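Read left to right, the sequence shown gives residues 484 to 536 (our numbering).
We put the beta carbon where it would ideally sit given N, CA and C, even for glycine.
Owing to the predicted nature of the structure, the values given are computational and were not obtained by experimental measurement.
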Amino acid sequence: MGSHYGKKIRERVKKATAEQKKLHACPQCGKKRVKRVGFALWKCRSCAAEFAG
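Now the structure itself:
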């Protein structure tokens, strides 16, 4: 898969993918240990909290 038709759209997709894959802050414990598990599913590796959004 991947993006086609121009450099700008490829850069946008690359930026969005990098943002999605990085660790985020957990709303419950506050640590930066949340990782995306699936479509709209997130899980904290520290406190094991699971949430959607």
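- Arg519 is bridged by DSSP to Trp525.
- Inter-residue distance for Thr500 and Val517 is about 15 Å (C-alpha atoms, whole angstroms).
- Sorting Lys497, Ala531, Ile492 by C-alpha distance to the C-alpha of Lys515 places Ala531 at the top.
- DSSP, read as helix, strand or coil, puts Ala535 in strand.
- Classified as exposed, Cys512 has fewer than 16 neighbouring CB atoms from the shown chains inside 10 Å of its CB.
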